[in-house]
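Chains as they are written, first to last, in our numbering: chain A, 92 to 503; chain B, 591 to 840.
Don't be surprised by glycine CBs; every beta carbon is placed ideally from N, CA and C.
The structure appears right after this line, and notes come after that.
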Ligand SMILES: Nc1ncnc2c1ncn2[C@@H]1O[C@H](COP(=O)(O)OP(=O)(O)O)[C@@H](O)[C@H]1O
Ligand SMILES: [Mg+2]
């Protein structure tokens, strides 16, 4: 249940979301199932009270969502979504067999209690609950083929697709999301993943949204004993994007790998905000990110590893490297380790710098052009994270996307 | 042939080369010797086009073309090769990728057909063998984790594969023991050819026992202050550079 939020007297909610055309009408829609109507109404009240996160909130310091909404007039709609690949256990949100489970999940408050910004986007998404996908994999099910979920954004719209993923004991699933679209729109996705004992979820996200769009993704993952969550996000698209991932390691020997490559150019902003909560002993968490920032783009990496007192023998690792390709490119990095257990192994590191001038000259002295030299250096910079993608098809696909980006970007 | 006339260059507003002239005929090997800080490496960087080295006067022509106006990669294509005093480590870029890109860039610019994967591998294996370089090294990142000797042999390997008209070797002997020095020198000697000239930069005479120069020059205070035959190197070995350092101070 949503945490109670105490507001100071001076608090003024940021209400640009309320200006979304059709928002009020949507909440008041009486044709939806009654529980959906009730949820929209309850969440709508909270949105009116709390508004949207603004850069005044520490966690949204660099990523200004209201500014985008003020510049673009959007109307709410359902998202254009396709489900492909192995579809046995996937269904549309409101048509899922287990509606009790779905209803329960929809109202589980995001973790990180009291994190206003997260609750704001969450409540906003709930007020617009309309469609999405439920993936419910029974125990001991090994899915050999991935489930493909495609989202196609359309200019002038705003939507809040929901993904609810439940994977039973010792089951295994691979999910590939692909985001594309045209024009200015807002995709505010919420994903909830529950990984039972010994189960494994591999989750890829290729974010190639329209370069005029706003893309906010809130993912909450719970992992039980011996479970594994492996995720990789390639961020190429959106004008402003925020990929927020919150992982709770609930049982011992659980493992989580959160990787990503953000390739940003022009005036794009790409934000990766990751929190890993070690709430059980003997768990492993690894974050490995590469940011390549060109033009006047802005990259944000906020990574946090929180090791609770009970989480002895934690192996925590957090690494983010950034390469700035232009003097006007910016990178904001905020690594955080909060450790309350005494027997842990935690390391973190962030680096941010320009292309190595000595290496560039060495290559050019061997006849390699400026643009080819830069390309080789950028490829080398991100190679390690591509190497860590466990699915070979995906590895190849990401390499192709990167190649394509580089051939458009590096023009000497 | 290479013709350097009255070359002046500065770094950060400090004049390092002060009107240097040097002419190297086809097939000739010239050695440049000089005290530390004389400007030997500066000359090699100016000839290869490194950023930050500003040419303030003079010319450097390779077969009648002024190379000073070219980009570094254009110079490489035109036939200039610099064996670095300190070869650069490039983590994440594999030797084979690097070599193949370099060779095909140069071949393309020279109007030659690019090598396919097989043709490239053959050439690489052959050259590795000739230079006593293990092929395992080619699977590693450029110069990363290479020993001093391996780095220098790697420079000669690149030189052999890129087939330059004019090669500058900057202190290729530094940091090498005598066995490594012999291998490197043999590699260089094997590349001596009628249409290829060498400028061998060294602080010590030792290297010149193995790579026999046609001419020896002394660089001090940003200029060639003395030129002669191979015997000049021996003379310098005996007397040191004190004489020229005095000139510089004067
Ligand atoms: N990047 C630099 N900035 C300023 N001065 C430099 C730089 N590199 C070299 N120098 C100076 O230029 C002079 C010549 O250096 P260098 O060409 O390396 O000499 P050598 O190779 O003959 O030992 C030295 O006085 C050195 O201090
Ligand atoms: Mg030097």
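Listed along chain B, the residues sitting closer than 7 angstroms to residue 450/A by beta-carbon distance are 678, 680. Close to residue 748/B, with beta-carbon spacing below 7 angstroms, are these residues of chain A in chain order: 457.
Between the region 168–180 of chain A and the region 228–235 of chain A there are three or more inter-stretch CB-CB distances shorter than 8 angstroms, so the stretches are counted as touching. In the three-state scheme derived from DSSP, where H, G and I count as helix and E and B as strand, residue 802/B is classed as coil. One thing to note: residue 606/B has its Cβ no nearer than 8 angstroms to the Cβ of residue 646/B.
Distances from the CA of residue 603/B to each of 817/B, 621/B, 736/B, 643/B were compared; the closest alpha carbon is that of 643/B. Excluding its 5 nearest sequence neighbours in each direction, residue 694/B has C-beta neighbours in its own chain below 7 angstroms: 704, 705, listed in chain order. With respect to chain A, the C-beta atom of residue 687/B has a partner C-beta closer than 8 angstroms. For residue 200/A, the shortest C-beta to heavy atom distance toward ligand 1 is 7 angstroms or greater.
Comparing C-alpha distances from residue 622/B to each of 783/B, 767/B, 760/B, 744/B shows the shortest one belongs to 760/B.
Residues of chain B whose Cβ lies closer than 7 angstroms to the Cβ of residue 120/A do not exist, since the nearest Cβ in that chain is about 54 angstroms away. Sixteen is the threshold: when 16 or more other Cβ atoms of the shown chains lie within 10 Å of the Cβ of residue 304/A, as they do, the residue is buried. With a threshold of 8 angstroms between beta carbons, residue 453/A makes contact with chain B.
Here the region 338–352 of chain A makes contact with the region 318–328 of chain A; the two share three or more CB pairs at distances below 8 angstroms. Contact annotation: residue 456/A and residue 662/B have beta-carbon atoms nearer than 8 angstroms.
The beta carbon of residue 187/A is closer than 6 angstroms to those of 193, 225 in its chain, skipping five residues each way along the sequence.
Interface residue (Cβ-Cβ distance to chain A less than 8 angstroms): residue 774/B is not classified as such. Assignment of residue 731/B by DSSP, reduced to helix, strand and coil, places it in the strand class. Shown in chain order are the members of the region 730–757 of chain B whose Cβ falls below 7 angstroms from a Cβ of chain A: 748, 752. In this structure, DSSP gives residue 260/A a state outside helix and strand, which the three-state scheme calls coil.
The region 380–399 of chain A and the region 415–429 of chain A touch, with three or more beta-carbon pairs separated by less than 8 angstroms. Excluding the 5 residues flanking it on each side, residue 249/A has same chain C-beta neighbours closer than 6 angstroms at 111, 165, 167, 277, in chain order. When distances are taken from the beta-carbon of residue 601/B to the heavy atoms of ligand 1, the shortest one is below 7 angstroms. Here the C-alpha atom of residue 245/A lies approximately 37 angstroms from the C-alpha atom of residue 346/A.
For the beta strand (DSSP E) assignment, the uninterrupted runs of no fewer than 3 residues enclosed by the region 262–339 of chain A are, from N- to C-terminal side, 263–273, 277–286, 291–298, 305–314, 319–326.
CA-to-CA, the gap between residue 676/B and residue 279/A works out to about 52 angstroms.
Each of 476/A, 252/A, 453/A, 333/A was checked against the Cα of residue 672/B, and the nearest Cα belongs to 453/A. Contact check for residue 400/A against residue 432/A passes: the beta carbons are separated by less than 8 angstroms. Judged by their CB atoms, residue 237/A and residue 267/A are nearer to each other than the 8 angstroms cut-off.
Counting other Cβ atoms within 10 Å of its Cβ, residue 708/B stays below 16 and is therefore classed as exposed.
Annotation for residue 760/B indicates a beta carbon within 7 angstroms of some heavy atom of ligand 2.
Across the set 125/A, 290/A, 385/A, the C-alpha of 290/A shows the shortest separation from the C-alpha of residue 228/A. The alpha-carbon separation between residue 196/A and residue 314/A amounts to approximately 15 angstroms. When DSSP reads this structure, residue 348/A sits in a beta bridge with 321/A, 377/A. Counting along the chain, the unbroken beta strand (DSSP E) around residue 243/A starts and ends at 238–245. Around the Cβ of residue 445/A, a 10 Å sphere holds fewer than 16 other Cβ atoms; the residue is exposed.
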